[in-house]
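Encoded as structure tokens, the structure appears first; notes follow it.
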Amino acid sequence: MAGLVAAAEARRLGAAPLVFEKRRLPGGSMRLSSGVIWRHREFDRFRAECPDGDERLQRRVFERLDADLRWLADLGAPVTAQETGNPLTTGMRFDPAALTEALTVAAGGLAAPGRAGVVCGSAVPEPPGDAPLILATGGFAASRTLLREHVTPEAEHVLLRTARGSTGDGLRLALDAGGSTSAGLDEVYGRAMPAPPARVAPEDFVRLSQLYARHAEVENELGARFRTATWSEIDVAQWAARQPRARAWMRVPVARLRERVRGRTVGEMIEAAAAAGAPVRREPEHVTVETVAGITTTLGGLLVDEHARAAPGIFACGADAGGIATGGYASGLAAALAFGRIAARAALGEAP
Ligand SMILES: Cc1cc2nc3c(=O)[nH]c(=O)nc-3n(C[C@H](O)[C@H](O)[C@H](O)COP(=O)(O)OP(=O)(O)OC[C@H]3O[C@@H](n4cnc5c(N)ncnc54)[C@H](O)[C@@H]3O)c2cc1C
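FYI, this note's numbering numbers position 294 of the sequence shown as 297, with every residue one higher than the one before it.
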């Protein structure tokens, strides 16, 4: 998201950016996402929910997002809903595949190596030296090594609910060039997902999310309990990621199976987990589902200033830039959109 946005903005300003995408297709986690780009309605609420984030960075996302969403819609990205479905937040929903397509075109289209545009199957090289470099490699949620180093000793057990390419390349590159890390390097956003032997394909990451901890008793395999205290249930996945084998059991009273969470009933979510192969125990009064923490994105990353500067001549945006959602959760797509544009303007020496 952030890289394509930065390239689209740079082209609008008259530059001819080269986008290196290491995977076969552009889009990263954006392509796998629900496509809801949002901000909190009140800045105070944003601060309260992400208290350890850098207020200057948060203010930039908060103040720019509405105009950035209009810019995105003007690129031709189809808006599928004008609201988020959550009274605490405002934003828009996009179709992720169509959004990726519109942004790829705006970024110069798919291109052959060495040509301006989006070159797939091509990892970002060393800093070019003669041109500014914008890092937008999506954080390190796909690297079990970095997750073990910074987030959890149970890293080998978590489900990588993220795009394969986000293995911390931007972080390494900027640190080598003199950058430093943000607060909250140990923080991740995630979801409870059906536990093995369930098989969860990337296109099922959204559909198979188990989002009913508020209706359940949540336990680890030693019987220790956890009670969710957030509307996003981010705390459940964060907790489970650090429990033995990154597992959490959700015990749901049968009477709660008809409760609705984000358009689905609890019963439907459980049936989807069972059909995918997760262990589900059915008793007269309860249904218990074994879940595993699914790591979606890292919340810590590079330390950047409000112009997305991470090191001399190097800018970072999207999940590569930490310090925005620290202490809680805010829209990763929104941060990628706002700071993608900011990074492009700063890299070209334009007014913010
Ligand atoms: C299932 C799911 C649902 C989600 N739903 C939402 C939602 O509804 N709303 C929301 O706000 N957020 C959502 N997110 C999170 C959101 O997708 C991310 O926060 C966002 O995509 C981050 O943008 P990014 O540009 O940093 O990374 P990405 O969009 O992941 O892009 C990073 C790109 O960099 C590439 N790359 C990595 N290393 C290199 C390298 N060395 N050289 C070249 N290319 C490289 C990767 O292959 C990838 O294509 C969701 C994520 C998932 C997985």
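Ideal Cβ positions, reconstructed from N, Cα and C, are used throughout, including at glycine. Since the model is a prediction, treat every value here as computed from it, not as a measurement.
Work out the CA separation of residue j and residue i for me, nearest whole Å.
i, j, result
"THR268", "SER183", "44 Å"
"ASN89", "ALA126", "37 Å"
"VAL221", "THR231", "9 Å"
"VAL82", "GLY326", "28 Å"
"PHE46", "ARG63", "11 Å"
"ASP69", "ALA51", "21 Å"
"THR107", "PRO29", "7 Å"
"GLY168", "ARG26", "6 Å"
"LEU21", "PHE208", "30 Å"
"TYR215", "GLY316", "45 Å"
"ARG175", "ALA319", "12 Å"
"TYR332", "GLY187", "12 Å"
"ARG285", "LEU260", "12 Å"
"GLY38", "MET272", "20 Å"
"ARG59", "LEU351", "21 Å"
"GLU66", "VAL283", "45 Å"
Hey, out of the options, whose CA is closest to residue i's CA?
i, options, result
"GLY356", "ARG245, ARG344, TRP41, HIS153", "The structure shown does not extend to residue 356, since the chain spans only 4 to 355, so no value can be given for it."
"GLU309", "ALA347, GLN246, ARG254, VAL257", "ALA347"
"SER212", "LEU225, TYR192, GLY226, GLU224", "TYR192"
"ARG14", "GLU58, ARG151, ASP57, ALA119", "ALA119"
"LEU16", "ASP98, SER36, GLY111", "GLY111"
"ARG248", "HIS160, GLY297, GLY330", "HIS160"
"LEU75", "GLU353, ARG344, ALA349, GLN241", "ARG344"
"GLY266", "GLY321, ARG210, ALA279", "ARG210"
Identify the continuous beta strand (DSSP E) that holds residue i and give its terminal residues.
i, result
"THR148", "No beta strand (DSSP E) contains THR148, which is instead part of the alpha helix (DSSP H) from 147-153."
"ARG261", "Premise fails: ARG261 is in no beta strand (DSSP E) and is neither H nor E."
"GLY94", "92-97"
"GLU293", "289-301"
"GLU24", "21-24"
"ALA84", "82-84"
"TRP41", "39-43"
"MET253", "250-256"
"GLY31", "Segment 31-35 is the alpha helix (DSSP H) holding GLY31; no beta strand (DSSP E) there."
"LEU136", "136-138"
"GLU220", "220-222"
"ALA3", "The displayed coordinates of the chain run from 4 to 355. Any statement about residue 3 would go beyond what the structure contains."
Quick one: using the 10 Å Cβ neighbour count with 16 as the cut-off for buried, is residue i buried or exposed?
i, result
"ALA19", "exposed"
"VAL257", "exposed"
"ALA84", "exposed"
"GLY303", "buried"
"TRP252", "buried"
"PRO355", "exposed"
"ALA227", "exposed"
"GLY6", "buried"
"TRP234", "exposed"
"ASP71", "buried"
Compute every distance between the C-beta of residue i and the non-hydrogen atoms of ligand 1, then say whether any falls below 8 Å.
i, result
"GLU24", "yes"
"PHE49", "no"
"ASP172", "yes"
"ILE317", "no"
"VAL209", "yes"
"VAL127", "yes"
"VAL39", "yes"
"MET253", "no"
"THR300", "yes"
"CYS53", "no"
"SER334", "yes"
"GLY6", "yes"
"THR140", "yes"
"ARG164", "yes"
"LEU21", "no"
"PRO29", "yes"
"GLY120", "no"
"SER36", "yes"
"GLY321", "yes"
"ALA337", "yes"
For the alpha helix (DSSP H) holding residue i, just list the boundary residues, first then last.
i, result
"ILE273", "269-279"
"TRP242", "237-244"
"TRP74", "58-77"
"ILE345", "335-350"
"GLY321", "No alpha helix (DSSP H) contains GLY321, which DSSP labels as neither H nor E."
"VAL8", "5-15"
Any heavy atom of ligand 2 inside 8 Å of the beta-carbon of residue i?
i, result
"ALA115", "Absence of ligand 2 from the depicted structure is noted, with ligand 1 being the only ligands included."
Contact criterion: CB-CB distance below 9 Å. Does residue i meet it with respect to chain D?
i, result
"ALA249", "The displayed structure is made up of one protein chain only, and chain D is not part of it."
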